[in-house]
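In the order they appear, the protein sequences are chains A and B.
Counted the way this note's numbering counts, the first sequence spans residues 1 to 288.
Counted the way this note's numbering counts, the second sequence spans residues 289 to 434.
All residues carry an ideal CB built from backbone N, CA and C; glycine is no exception.
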Amino acid sequence: METFENFLAGRAYLTNSRGSATAKVRELLRPETPAEDPTTEKGVEYGLIVPCIFVHHFATRSVDLADRMNVALGRLQVTYAAVHKATQDWYGSATFSTGYDFTVQAGSLTIQDPMQRRGGDWAQLVSLWNPDPSRNAEPVSPFDQLASFPYARIASLIESVGKTYQTRHAATLRARLADLVASWQEEHGIGDAPSPESLSGLLRFLSSDSGLRIPSVLLSPHGTWVAEWRLDSRNLFSAHFLDESNARFVAVAASGSRRKLNQVWGEIEAGKLLATAQTYGADRWVYE
Amino acid sequence: MKDDPLPSGDHVSHYCSAHFLDEDGRPAQTAFYLKKGEDCVSVNWLEYTGLPTRSRQLDAVRKALIEKGLTIRKSGKLAVLRVGDVTSIELSDKKQRISVSHQPEPPHDPSHSGIFYPSADQALVEFIATRVAERVLEAPTAIPSE
Chain A
1 METFENFLAG RAYLTNSRGS ATAKVRELLR PETPAEDPTT EKGVEYGLIV
51 PCIFVHHFAT RSVDLADRMN VALGRLQVTY AAVHKATQDW YGSATFSTGY
101 DFTVQAGSLT IQDPMQRRGG DWAQLVSLWN PDPSRNAEPV SPFDQLASFP
151 YARIASLIES VGKTYQTRHA ATLRARLADL VASWQEEHGI GDAPSPESLS
201 GLLRFLSSDS GLRIPSVLLS PHGTWVAEWR LDSRNLFSAH FLDESNARFV
251 AVAASGSRRK LNQVWGEIEA GKLLATAQTY GADRWVYE
Chain B
289 MKDDPLPSGD HVSHYCSAHF LDEDGRPAQT AFYLKKGEDC VSVNWLEYTG
339 LPTRSRQLDA VRKALIEKGL TIRKSGKLAV LRVGDVTSIE LSDKKQRISV
389 SHQPEPPHDP SHSGIFYPSA DQALVEFIAT RVAERVLEAP TAIPSE
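Pasting the structure below:
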């Protein structure tokens with residue numbers, strides 16, 4: 001059976017599901033007016049672009065095409081942008097509900113008659129993408145809209161691990177982040193994303209010192225990110241990134257006698273985490 | 289009865305979604321953070337089920353959680369804790385104690401209980417959560433199958 005990766009790779013205007021998806025989408029989604037009014041076209045085949053940003057983070061799991069499309073289009077209510085197959089014009093930027101019929105025909109995606117199903121909603125979706133100039137002096141481009149979508153920002157951040165955010169453990173970290181996002185998305189749907197600001201804080205911190213040991217990375221119930229370095233039950237340092245620049249920390253370190261535990265917690269600027277770890281002796285296992 | 293403290297020798301389970309497990313599949317500190325709008329960490333009192341084996345107790349809990357409307361995934365795990373291990377966690381302020389009490393939610397979840405932290409201070413809560421996670425008994429239990 002065809003895999004989703006092969007499906008993506010086989011489309012002329014879809015990039016491979018790994019690596020350069022974001023850049024490719026940026027290149028493809030030109031801020032131009034589409035040649036045709038998409039609301040007049042029904043049942044026309046469109047190449048799906050943006051979901052591949054999200055989908056490629058599921059690529060570590062082995063599922064067949066049908067399952068993956070179900071994940072990408074049904075349960076996750078994917079925000080999408082589409083490119084007209086013939087003209088290469090693009091349109092669209094919306095969160096679809098599961099009420100739409102999506103089918104895969106000969107490896108292409110067909111959005112079946114969206115107007116008929118959602119009537120006025122479609123016009124509303126288009127207006128999101130192409131806001132009335134009289135209302136907005138500076139129309140927001142669809143790419144910018146998509147880029148501000150939390151899952152797109154999360155995907156972009158994960159892609160940047162090893163590039164913008166240099167770390168010796170890039171592949172391991174990317175895989176872990178993707179797994180956590182997938183698990184979160186499975187439970188919360190696409191409307192309640194993990195915090196991109198917190199993830200940015202985590203990645204900035206992890207790339208701030210090349211000597212850091214790779215931590216255990218976790219999500220909190222609030223969608224914020226936590227890094228934990230644990231030597232054993234008596235020696236632990238964790239940092240909970242509340243946003244890009246603030247964190248809560250917990251330091252637990254056995255004292256020399258092995259009978260007493262130093263236990264400290266608090267909230268500080270993320271930039272002071274390493275100094276805090278050193279102060280409480282936790283740097284012994286935070287560093288390689 | 290509601291609010292009765294649980295016997296220290298009894299056990300509770302806590303459902304942990306996959307994103308609250310560490311890379312080794314062990315429930316991590318974030319599994320024991322307080323969720324929005326909750327004043328305690330939800331657990332189930334295993335001995336209250338009256339069932340003789342741990343696996344049957346956990347199966348009863350799984351069914352209760354599902355009947356209550358929670359989505360229980362096989363990628364998650366049920367962490368089992370001994371009540372006394374949790375309530376004996378020492379805090380720097382000796383007056384502060386962690387408590388575990390019965391909070392039944394009839395009709396579906398009569399064994400529901402709560403781990404109550406002594407402070408709403410989030411930094412302290414997160415510290416306590418790291419200590420609670422350390423008390424999870426070895427080999428956290430996979431979700432029982434149907």
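Report task. Would you give the residue range spanned by the beta strand (DSSP E) that Ser-183(A) belongs to? Result -> Note, Ser-183(A): premise wrong, no beta strand (DSSP E); alpha helix (DSSP H) at 170-188.
Requested in this report: With DSSP as the reference, label Pro-398(B) as helix, strand or coil.
Outcome: coil
Query raised in the report: Are the Cβ atoms of Phe-404(B) and Ser-380(B) separated by less than 9 Å?
Result: no
Query raised in the report: Exposed or buried, what is Gly-364(B) when buried is set at 16 or more other beta-carbons lying within 10 Å of its beta-carbon?
Result: Flag for Gly-364(B) reads buried.
Requested in this report: Using alpha carbons as the reference points, say which of Ala-417(B), Met-289(B), Gly-325(B) lies closest to Asp-373(B).
Outcome: Ala-417(B)
Query raised in the report: Do you know offhand how far Gln-317(B)'s Cα is from Arg-342(B)'s?
Result: 23 Å
Query raised in the report: When DSSP labels each residue in this structure, what does Arg-26(A) get in the three-state scheme?
Result: Bear in mind that the predicted position of Arg-26(A) carries a pLDDT of just 34, short of 50, making it too unreliable to give a figure here.
Report task. Check His-302(B) in the structure and name its three-state DSSP category. Result -> strand
Query raised in the report: Checking contacts by CB at 9 Å: is Leu-353(B) closer than that to chain A?
Result: no
Query - Euclidean distance between Cα positions of Glu-378(B) and Ile-386(B) - result: 9 Å
Query - Residue environment, Pro-295(B), which counts as buried when at least 16 other CB atoms sit within 10 Å - result: Answer is exposed; the Cβ neighbour count stays below 16.
**Report entry** Cβ pair count under 8 Å reaching 3, the stretch 200-209 of chain A against the stretch 178-192 of chain A
**Finding:** no
Query - Bridge partner(s) assigned by DSSP for Gln-263(A) - result: Val-252(A)
Report task. Go to Ser-198(A), then tell me how far its alpha helix (DSSP H) extends in each direction, as first and last residue. Result -> Here the alpha helix (DSSP H) through Ser-198(A) covers 196-206.
Report task. List the whole-angstrom C-beta distance separating Trp-291(A) from Ala-367(B), where the pair is believed to meet the contact cut-off of C-beta under 8 Å. Result -> Only positions 1 to 288 of chain A appear in the structure, and residue 291(A) is not among them; the question remains open.
Query raised in the report: Name the chain A residues whose beta carbon is nearer than 7 Å to that of Tyr-321(B)?
Result: Ser-220, Pro-221
Requested in this report: Would you mind reading off the limits of the alpha helix (DSSP H) that contains Lys-351(B)?
Outcome: 342-355
Query raised in the report: Which one or two residues does DSSP pair with His-222(A) in a beta bridge?
Result: DSSP lists no partner for His-222(A).
Report task. Give the range of the alpha helix (DSSP H) segment to which Arg-284(A) is assigned. Result -> 283-286
Report task. Taking Leu-242(A) and Ser-183(A) to be in contact with their CB atoms under 8 Å, please state how far apart those CB atoms are, rounded to whole angstroms. Result -> Not confirmed; about 21 Å, so no contact.
Query raised in the report: Is there contact between the stretch 336-353 of chain B and the stretch 243-253 of chain A, where contact requires at least three CB pairs shorter than 8 Å?
Result: no
Query raised in the report: So Ala-239(A) is in the beta strand (DSSP E); what residue range does that whole segment cover?
Result: 235-241
Query raised in the report: Quick one, which residues of the stretch 171-184 of chain A are near chain B if we go by CB-CB under 7 Å, in chain order?
Result: Arg-176, Leu-180, Ser-183, Trp-184
Requested in this report: Go through its chain and collect everything with a Cβ distance to Arg-153(A)'s Cβ below 6 Å, but skip five positions before and after it.
Outcome: Excluding five sequence positions before and after Arg-153(A), the CB atoms of its chain that fall closer than 6 Å to its own CB belong to Pro-196, given in chain order.
Query - Cβ-based neighbour list, Pro-398(B), same chain, cut-off 6 Å, excluding 5 preceding and 5 following - result: Around Pro-398(B): Pro-392.
Query - Inter-residue Cα distance where the pair is Arg-168(A) and Ser-216(A) - result: 15 Å
**Report entry** Cα-Cα separation between His-396(B) and Glu-426(B), rounded to whole angstroms
**Finding:** 28 Å
**Report entry** Of the listed residues Ala-239(A), Ser-233(A), Arg-234(A), His-188(A), nearest to Leu-202(A) (C-alpha basis)
**Finding:** Ala-239(A)
Query raised in the report: How would you label Ala-171(A), buried or exposed, when you count the other beta carbons within 10 angstroms and need 16 or more for buried?
Result: exposed
Query raised in the report: Is there a Cβ from chain B that is less than 9 Å from the Cβ of Val-250(A)?
Result: yes
**Report entry** Where Ser-216(A) meets chain B, residues with beta-carbon distance less than 8 Å
**Finding:** Asp-310, Glu-311, Ala-316
Query raised in the report: So, is Glu-414(B) buried or exposed, given that buried needs 16 or more other C-beta atoms within 10 angstroms?
Result: buried
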